[in-house]
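I have placed the structure first, in the form of structure tokens, so that the comments after it can refer back to it.
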Amino acid sequence: MTLTQSTISSLPSQIIAVITLKSIITSTLNVKISFHLFISIAGACMQILITLRNTCAIFPQRFSVIAISETWFNAEKGVENFILEGYELRYCNRLNKGGGGVALYVDKTLHFRVVNSMTAVVDNMLECLTIEISQENQKNIVVSCIYRTPGSNMEMFTGWMEKMFVDKNKVIFVCGDFNIDLLNPHKIKAVEEFINTMYSICLFPRITKPSRITASCATLIDNIFSNDTENKTVNGLLINEISDHLPVFTVYDNSYVNHKLHFSMGYRRIKTETSINAFKTELLEHNWDVIYQKETVDEAYDYFLRIFGSMYDKHCPVKKFKEKIKYFHCPWITKGLQNACKKKNTLYKNYLKKRTKEAEIKYKKYKNKLTQIIRTCKKEYYGKLLEENKSNIKKTWGILNTILRKGNKEDSYPKYFISKSEEIDQREEIAKRFNDFFVNVGPELEKQIPDPGTFRKDVQMLIDRNPSSMFLNPVTENEILKTVRGMKGKLSTDVNGIDMALVKTVISGILKPLEYIFNLSFQTGSFPNQMKIAKVIPLYKTGNKHHFTNYRPVSMLPQLSKILEKMFITRLNSFIEKHKILDEGQYGFRSNRSTSLALMNVIENITNAIDNKKHVIGVFIDLKKAFDTINHCILIHKLDRYGIRGLVLDWIRSYLSNRKQFVKVDGACSQCLDIVCGVPQGSVLGPILFILYINDLFQVSNKLRLVLFADDTNVFCDGDDLQQLIEIVKKEMEKLKLWFDVNKLSLNLSKTKMMLFGHHKGKNIDIDMHINGVKLERIYENKFLGVIIDDKLTWKAHISYIQAKLSRSISVLNKAKLVLDHKSLHMLYCTLVLPYFSYCVEVWGNNYKTTLHSLSILQKRAIRIIHKVSYLEHTNKLFIESKLLKFYDLVEYCTAQIIFKAKNNLLPTNIQRLFITKEEKYNFREKDTFVIHKARTNKKRFCVSICGVKLWNRTSKCLKQCPNIKEFKYRYRKMIMDKYVQIQKNTECQHL
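Here the sequence shown is numbered in this note's numbering, starting from 1136 and rising by one per residue.
Listed below in structure tokens is the structure:
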């Protein structure tokens, strides 16, 4: 963005601006002067003064603060010649050498003071000058100007910044010449650490474009960091020839208010506890005999739906409303508090009238008590909201946005969409175009898949015919009741306006008719047509919000269809497990399997090969819209081969056929369109049908090792000779490509990547691997099942990724601690921080402590925040109070659970075989002890099959003999907490 004189002239009077020039560094504040511009200029002293006077003259409003880095002030020059009319000068020079230095020109109309505790000169590292500007009825504003010496120790500078600016409950602007290039932060670890630290203390960079551009490079070394997220800001660069650094600015409006209507309007169901209980009672008393006389499932379900819908509308009618909401922005203000506020105002008026000391004391005492109660109510309100939505990450973030005053966008969709250079702004037409796009994406991709020709039959005969056939047991009322009670009580409504929370409440009143309808469905091999209609909500992904292609469909299927699908899937899974239909390499949507186990399988195999001095090639396959392109005919053929035939196959055929969907956008709905291919998105049964569809992929090659998690397909192969290995992978990948073509799955070769694992000389070798004329890109790190895996298995890339995520989460905790109590902050820690630490940590967390140290530091920082203690507080007692595990202990805790499952034979076969008990191998009486395999490399020693076994073998016998995993987790956690308590006792004894 370029800021011109006309732009500044047109800014609102309440706006504040911040500018940085090479040094012009700018920050914007709104105090008594409505428009504020900070400038930081570096250069010779005389040039500074001339530049300042000339620059100030071209702007129509006065600068509030002018920040200067590299002042080069000293005792010989003095500062008398650098006085600027209307400003007070404060400066900070180097102590033992020339150069550097920082200064602030502050408008004389502002009330400010120099903050000595935040003003410092550290030889060969930095100069920092800080002022605090006082504001009435608002938070004070802290402005710091910093110059960091080029080449100085980055770790020390980062630590100094963290110590100086952590836990400041004020509006902060830190501007200056940091000599830290933020354009490529991931190339240098120290820069990445600096950014993560700034994020974690809630200081976010305002500038993202290069501030210094030369013929050979472009860098971003001047910046403005601020912790303000409540107000509207505009940030950018100025095109100016004052110095070789472009000025940077932030226009800051601290009087900005996100205006919203203080009333809500629209249509909604009037649901109260009384009306729902009346609805449930009428359902229980209703005579459903007419349904039991229906011979087809469609007739029975249609009649049931009409009766259910009419009763629902009777007791919970849909009404138009326009409701004015008092205290819209303060929903925690109860009626009692509103009355208390009125009384406070009355006391204040009485004080103004009488002007007596007694009236003043009475007013202030009441006001202070009321303020304390309101703050408590606010914490309790948000605490309750977070507790109710702790399992819903989307709603959790919505609540946090409200707490942090970021606000929600008024429109969930843009005002118009673009299709073939045409702008569409009618909501009905937008809904229609969305539906056309979602319905046709599968068929369009299918048309682009090449015809495999004569090879089709060879690929289709990969599945051996199962002589056994599946049959469907009858459904019982107890089974329905148990299933519904186990489902989440979501409030999202389907095409019939029914939500699962309602179904869970009234289920006892509809058990008998549902039992009849479900059994009739199984007996006739027919799925009700009214259960095949999906309401689709477009959800934005990435890219241009005005393009239909950048949205994905979220299907809202009928609530009762989900129950029927769960009835079916219970029987289907039982048949699949009994006949071992699914390959062991498929980890998606299967019980007792997870991404962690899939990742462990891959790492164990790769490290085995590396330990044996072999080369390993991994190919990460990308499939386009895999769930949308499934061919129904091919799926039916495969299911028949697996033993799903007869009435059961008729039921699935009925389930897939005649499905329809419509799209809803901002209340506007499209017409229903037929779905001709793919499995239903958002359905219970769809994922299982998909993994059955793709299951015979494992039979294509006996040389490749496949690991699948639903449609996430990954291929690995190892060998002694690299060139020979490359040729094998190329040949086998061509077989996989043929299989994908036959099965109408779109393999995206341009996004399919390959990686060569291990420490070897092959890094500089150009690996030429072409599949169907497309060269596979070689990569050195890749996101695999949510974990970044690198070619040397160091896990450094993943740890850096976690650091960045944690720093942002910690910044949220930092802001939320001003509003939330300890319990709510603890819950947020478990929602926003703990998942990053624990996800697959048993695989990547067994590592060098030096590699993991930064994560331990971040965890301690988060613990201090949720306990609201000082920056240097010891954390051991905090972990005890929170009943949370330290990071290194968390790694052991998760690793021990894997070995417990291995001891009880609860792991998938291909992982279970890695663990051999001594009794099994040597016939010793050591059934609770595993054999420790020999390993040549540390990469193998860090694997669960070795470090986990060592951990298990030294675990107490009491823990090893736990009856189940739940008891084991409880005892293991208690053992760790007891260790913390003992450490705390020893520490306290040393201090006595």
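Note that beta-carbon positions come from the ideal geometry of N, C-alpha and C, so glycine has one too.
On a predicted model such as this, the values are computed, not experimentally measured, just so you know.
Short Cβ contact (9 angstroms threshold) for residue i with residue j
{"i": "Gln1694", "j": "Met1605", "result": "no"}
{"i": "Arg1225", "j": "Gly1236", "result": "no"}
{"i": "Ile2141", "j": "Leu1948", "result": "Look at the range of the chain in this structure, 1136 to 2127, and you will see that residue 2141 is not part of it."}
{"i": "Ile1348", "j": "Gly1311", "result": "no"}
{"i": "Lys1454", "j": "Arg1510", "result": "no"}
{"i": "His1421", "j": "Gly1644", "result": "yes"}
{"i": "Ile1553", "j": "Arg1776", "result": "no"}
{"i": "Met1289", "j": "Ala1325", "result": "yes"}
{"i": "Leu1264", "j": "Thr1254", "result": "yes"}
{"i": "Ser1885", "j": "Val1909", "result": "yes"}
{"i": "Ser2099", "j": "Val2026", "result": "Strictly speaking, residue 2099 in this sequence is Asn, with Ser absent from that position. Cβ distance not < 9 angstroms, so Asn2099 and Val2026 don't count as in contact."}
{"i": "Met1889", "j": "Gly1753", "result": "yes"}
{"i": "Arg1706", "j": "Asn1608", "result": "yes"}
Test: residue i CB closer than 9 angstroms to a CB of chain D
{"i": "Val1814", "result": "Checking the listed chains, one finds no chain D in this structure; it contains a single protein chain."}
Element boundaries [alpha helix (DSSP H), containing residue i]
{"i": "His1961", "result": "1957 to 1963"}
{"i": "Phe2014", "result": "2011 to 2017"}
{"i": "Pro1648", "result": "1646 to 1659"}
{"i": "Val2116", "result": "2100 to 2126"}
{"i": "Lys1519", "result": "1492 to 1523"}
{"i": "Pro1663", "result": "Segment: none, Pro1663 is in no alpha helix (DSSP H) and carries neither H nor E."}
{"i": "Cys2029", "result": "2022 to 2038"}
{"i": "Glu1205", "result": "Counting along the chain, Glu1205 falls outside any alpha helix (DSSP H), and DSSP gives it neither H nor E."}
Alpha carbon of residue i to alpha carbon of residue j, nearest angstrom
{"i": "Gly1542", "j": "Asn1536", "result": "Any reading at Gly1542 must be qualified, since the residue scores a pLDDT of 47, below 50, and its modelled position is unreliable; the value itself is stated next. Near 6 angstroms, if we compare the C-alpha coordinates of Asn1536 and Gly1542."}
{"i": "His2009", "j": "Ile1538", "result": "29 angstroms"}
{"i": "Ile1268", "j": "Leu1953", "result": "21 angstroms"}
{"i": "Asn1766", "j": "Tyr1722", "result": "22 angstroms"}
{"i": "Val2116", "j": "Lys2021", "result": "13 angstroms"}
{"i": "Ile1359", "j": "Pro1382", "result": "11 angstroms"}
{"i": "Pro1466", "j": "Asn1664", "result": "43 angstroms"}
{"i": "Val1306", "j": "Lys1513", "result": "22 angstroms"}
{"i": "Tyr1278", "j": "Ser2005", "result": "Note on identity: in this sequence residue 1278 is Val, with Tyr being the wrong assignment. So the two alpha carbons sit approximately 23 angstroms from each other."}
{"i": "Lys1519", "j": "Arg2076", "result": "46 angstroms"}
{"i": "Leu1820", "j": "Leu1791", "result": "10 angstroms"}
{"i": "Asp2063", "j": "Asn2073", "result": "25 angstroms"}
{"i": "Phe2035", "j": "Asn1272", "result": "59 angstroms"}
{"i": "Thr1742", "j": "Leu1871", "result": "25 angstroms"}
{"i": "Cys2082", "j": "Ser1942", "result": "29 angstroms"}
{"i": "Thr1611", "j": "Arg1794", "result": "27 angstroms"}
{"i": "Val1800", "j": "Asp1629", "result": "14 angstroms"}
Per-residue burial, residue i [other beta carbons within 10 Å of its own, 16 or more giving buried]
{"i": "Val1737", "result": "buried"}
{"i": "Gln1816", "result": "buried"}
{"i": "Arg1620", "result": "exposed"}
{"i": "Ile1323", "result": "exposed"}
{"i": "Tyr1983", "result": "exposed"}
{"i": "Thr1332", "result": "buried"}
{"i": "Gly1893", "result": "buried"}
{"i": "Asp2113", "result": "exposed"}
{"i": "Glu1523", "result": "exposed"}
{"i": "Ser1399", "result": "Reliability of the predicted coordinates at Ser1399 is poor, the pLDDT of 49 falling under 50, and no value is obtained from them."}
Inter-residue CB distance, residue i and residue j (contact presumed, cutoff 8 angstroms)
{"i": "Leu1860", "j": "Thr1887", "result": "The pair is not a contact, with the Cβ atoms about 18 angstroms apart (cut-off 8 angstroms)."}
{"i": "Ile1652", "j": "Phe1439", "result": "6 angstroms"}
{"i": "Pro1340", "j": "Leu1318", "result": "Going by Cβ atoms, the distance from Pro1340 to Leu1318 rounds to 11 angstroms, so no, they are not a contact pair."}
{"i": "Val1432", "j": "Ser1696", "result": "Not confirmed; about 12 angstroms, so no contact."}
{"i": "Ile2128", "j": "Ala1932", "result": "Residue 2128 falls outside the range modelled here, since the chain spans only 1136 to 2127, and no answer is possible."}
{"i": "Val1256", "j": "Ile1266", "result": "Val1256 to Ile1266, Cβ: 16 angstroms. No contact."}
{"i": "Glu1495", "j": "Tyr1501", "result": "11 angstroms between Cβ atoms; not a contact."}
{"i": "Thr1764", "j": "Leu1882", "result": "Thr1764 to Leu1882, Cβ: 11 angstroms. No contact."}
{"i": "Leu1774", "j": "Ile1787", "result": "6 angstroms"}
Beta strand (DSSP E) segment containing residue i, residue limits
{"i": "Thr2044", "result": "Per DSSP, Thr2044 belongs to no beta strand (DSSP E); it is in the alpha helix (DSSP H), 2044 to 2047."}
{"i": "Glu1916", "result": "1916 to 1919"}
{"i": "Met1691", "result": "1686 to 1691"}
{"i": "Ser1445", "result": "Counting along the chain, Ser1445 falls outside any beta strand (DSSP E), though it belongs to the alpha helix (DSSP H) covering 1432 to 1450."}
{"i": "Val1257", "result": "1255 to 1257"}
{"i": "Thr1887", "result": "Thr1887 -> no beta strand (DSSP E), and no H or E assigned at all."}
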